[in-house]
Each structure stands twice: as C-alpha cells, then as structure tokens.
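Novice: Take this structure first; my questions come after.
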Amino acid sequence: MKVPEITLYFWVVKLLTTAMGEATSDWLVTHIDPVVAVVLGAVGFVVSMVLQFRVRRYIAAVYWLVVVMVSIFGTMVADAIHIVLHVPYYISTSVFAIALILVLVYWHKSERTLSIHSIYTTKRETFYWATVLATFALGTAAGDMTAVTLHLGYLSSGIAFSILFVLPGILYWVFGLNEIFAFWFAYIMTRPVGASFADWFGVARHDGGMGFGRGPVALVLTIAIVALVAFLAITKRDVQEARKSALRRTNPS
Numbered sequence: 511m512k513v514p515e516i517t518l519y520f521w522v523v524k525l526l527t528t529a530m531g532e533a534t535s536d537w538l539v540t541h542i543d544p545v546v547a548v549v550l551g552a553v554g555f556v557v558s559m560v561l562q563f564r565v566r567r568y569i570a571a572v573y574w575l576v577v578v579m580v581s582i583f584g585t586m587v588a589d590a591i592h593i594v595l596h597v598p599y600y601i602s603t604s605v606f607a608i609a610l611i612l613v614l615v616y617w618h619k620s621e622r623t624l625s626i627h628s629i630y631t632t633k634r635e636t637f638y639w640a641t642v643l644a645t646f647a648l649g650t651a652a653g654d655m656t657a658v659t660l661h662l663g664y665l666s667s668g669i670a671f672s673i674l675f676v677l678p679g680i681l682y683w684v685f686g687l688n689e690i691f692a693f694w695f696a697y698i699m700t701r702p703v704g705a706s707f708a709d710w711f712g713v714a715r716h717d718g719g720m721g722f723g724r725g726p727v728a729l730v731l732t733i734a735i736v737a738l739v740a741f742l743a744i745t746k747r748d749v750q751e752a753r754k755s756a757l758r759r760t761n762p763s
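In my numbering, the protein residues as written are 511 to 763.
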C-alpha cells in the first residue's frame, strides 16, 4: 500500500499539516516576493509528488511531505484565485466542489471503488492524489468563505468545521454510515478546520485573531509534524501491512 492506515495519528498529523500549510503559505507570500513564493511552492510540490510516485511502498516521511506541500502550494493557488483573479469565495467553493465530485465519479467509474485500502496501482494512486488536491482546494475556499464572506470569523469557522469533521465519525459508529463516504467527508473538513485555527492564532487581534504571528505558528506546527512523522516512521504504527500482520499473529484463525 502507498497510503497510511487510518488511525488517530493520521487525523492528528493531517490537521497539523492543514494548519501549517495555511500559516506557512501566508508567511511566505508576505515576507518574500509572492511570485517567488508561489514558484518555490510549485517546485516543492512537484518534487514531493515525484518522490511519492517513485517509492514502492508507504514511507511516512515521503507521504507526509507530499501532504505538506499540497497544503502550502494549494493554499497559494486558492488565495491567488481570489486575490489576483478576484473570484469570489462562493464561486471558487462551488467550482472546487464540482471538480471534487467529478474526480470521485470518474475514479469510481474506472476502479469500482473509492477505498483508500485499495491504493496499490499507479492509476489508483493518481486518482487518490487528484482527490486530495481537490479536497484541499475546496476546504481552503470553503473556510475563507465562511470566515470572510459570511463574516463568521476564524474562531467560529473553526468550531463549525470541527463539528462537521467529527460528525461523520459519530454517524459511522452509531448508525453505520458508509465508511468511504465518512472518510472523505471528514478528510475535506480537515482543511478548513486547520486553516481556520491557524488563521485565528496567527492574524492580528484587530483582524479577529490571537496575534501570535504567521511565522511562529508555522514554526511550532512544523516541529510538531516532524516529531509525529518521525515517531510514525520509527514505530510503523500507521503501516497497513504491519497492522494486518499483527492482527494475524494475534488471531491466527
């Protein structure tokens, strides 16, 4: 498998990467030339993606490097669409939602499954990362739309999306909601949750934040991500094959 097992570690690192990507992107475009920042983000994204497709199995450092670069570069692209092209957030949110639906429909039509436990071919991995890209774009636009266009503010947006993030898990455990739908719905929500709280901690108080600054927030989140990914790389607790082997040893029947 080329993707990690879905555990609590997965969701924690995923939320940290979405927040870190938001803070890092905003810090870069305000402290160096925005064009240079976007180019650097694009290069980092391409390099990380090439590495991911070249490896033959799931490697924590490589996989999460891609997710981080998707978060950083994806934020830059989504912001550029609004700031440079002046596309309203509600329009970009709608467009990205349609794009995500089209990717998922084509993926299911081609492979007859959307399960992340079936990512063992290059074609399916391509669909997987296309879906990830679409979810990041949709989540970024949706988070900005609620915080700015709908005037909910960063904290209120973060709380609202946090509720939506945990909701599919509750519905899955209590009412048997389809696990694939539950996973991708929660996955989409991780983006606006992380981004909203990153903005809340980073922006100035007069803009509705805590005023800690984008740079410090990005640095703290980066340290946390590196520590957790290193832990996963050493313990292999998110490797699907290792977990299956452990289950077979525990239950040989």
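Every residue, glycine too, gets a C-beta built ideally from N, C-alpha and C. Here the structure is a predicted model, which means the values were calculated and not measured.
(1) By Cβ distance below 7 Å, which residues in the same chain neighbour methionine 720 in space, the five residues on each side in sequence not counted?
(2) At what residues does the alpha helix (DSSP H) containing serine 629 begin and finish?
(3) Should aspartate 717 and threonine 517 be called a contact, given that it needs their Cβ atoms to be closer than 8 Å?
(4) Do leucine 575 and threonine 700 come within 8 Å of each other at the CB atom, strictly closer than that value?
(5) Contact check, leucine 538 vs alanine 547 under 8 Å by CB: the rounded distance?
(6) Grab me the residues of valine 565's own chain with a C-beta within less than 8 Å of its C-beta, minus the 5 sequence neighbours each way, in chain order.
(7) With threonine 645 and leucine 681 assumed to form a contact (beta carbons below 8 Å), what rounded beta-carbon distance in angstroms separates them?
(8) Given proline 726, which residues of its chain have a CB within under 6 Å of its CB, disregarding the five upstream and five downstream residues?
(9) Tell me whether the stretch 693-707 and the stretch 664-684 touch, counting them as touching only if at least three CB pairs, one residue from each stretch, are closer than 8 Å.
(10) Decide yes or no for the touch test of the stretch 591-610 against the stretch 640-660: beta carbon pairs closer than 8 Å, at least 3 of them.
(11) Measuring only the C-alpha atoms, how far is leucine 687 from aspartate 543?
(12) Tell me the rounded alpha-carbon separation between phenylalanine 555 and glutamate 515.
(13) Please go through the same chain and pick out, in chain order, the residues whose beta-carbon is closer than 6 Å to the beta-carbon of arginine 794, but skip the five residues on each side of it.
(14) Using alpha carbons as the reference points, say which of Leu731, His541 and Ser581 lies closest to methionine 559.
(15) Cβ of tyrosine 599 within 8 Å of Cβ of threonine 659?
(16) Hey, how far is the Cα of glycine 531 from the Cα of phenylalanine 583?
(17) Can you look up proline 514 in the DSSP assignment and give me helix, strand or coil?
Specialist: Once the coordinates are examined:
(1) On the sequence shown, residue 720 is found 210 positions in, with the first residue counted as 1. Here the set comprises Trp710 and Phe711.
(2) Translated into positions along the sequence shown, residue 629 becomes position 119. At residue 629 the sequence reads isoleucine, which differs from the serine that was named. Looking at the DSSP string, isoleucine 629 is not in any alpha helix (DSSP H), and its letter there is neither H nor E.
(3) The residue labelled residue 717 in the question sits at position 207 within the sequence shown. The residue labelled residue 517 in the question sits at position 7 within the sequence shown. Not closer than 8 Å, so no.
(4) As a first step, residue 700 is located in the sequence shown; it is residue number 190 there, counting from the start. As a first step, residue 575 is located in the sequence shown; it is residue number 65 there, counting from the start. Their beta carbons are not under 8 Å apart, which means threonine 700 does not touch leucine 575 by this criterion.
(5) As a position in the sequence shown, residue 538 is number 28, starting the count at 1. As a position in the sequence shown, residue 547 is number 37, starting the count at 1. Right, the Cβ-Cβ distance comes to about 4 Å (below 8 Å), so this counts as a contact.
(6) If you number the sequence shown from 1, residue 565 lands on position 55. Here the set comprises Lys512 and Val572.
(7) Start at 1 with the first residue of the sequence shown, and residue 645 comes out as number 135. Start at 1 with the first residue of the sequence shown, and residue 681 comes out as number 171. That pair is no contact at about 19 Å.
(8) In the sequence shown, residue 726 corresponds to position 216, counting from 1. There are no such residues.
(9) yes
(10) yes
(11) Indexing the sequence shown from 1 puts residue 687 at position 177. Indexing the sequence shown from 1 puts residue 543 at position 33. Taking the straight line from one Cα to the other gives about 46 Å.
(12) Locating residue 555 in the sequence shown gives position 45, where the first residue counts as 1. Locating residue 515 in the sequence shown gives position 5, where the first residue counts as 1. For phenylalanine 555 and glutamate 515, the distance between alpha carbons rounds to 23 Å.
(13) The first residue shown for the chain is 511 and the last is 763, placing residue 794 beyond what the model contains.
(14) The residue you call residue 559 lines up with position 49 of the sequence shown. The shortest Cα separation from methionine 559 among Leu731, His541 and Ser581 belongs to Ser581.
(15) Start at 1 with the first residue of the sequence shown, and residue 599 comes out as number 89. Start at 1 with the first residue of the sequence shown, and residue 659 comes out as number 149. Yes, these two residues count as a Cβ contact at 8 Å.
(16) Within the sequence shown, the letter at position 21 stands for residue 531. Within the sequence shown, the letter at position 73 stands for residue 583. One C-alpha to the other measures close to 8 Å.
(17) Stepping through the sequence shown from its first residue, residue 514 is reached at position 4. Proline 514: coil per DSSP, three-state reduction.
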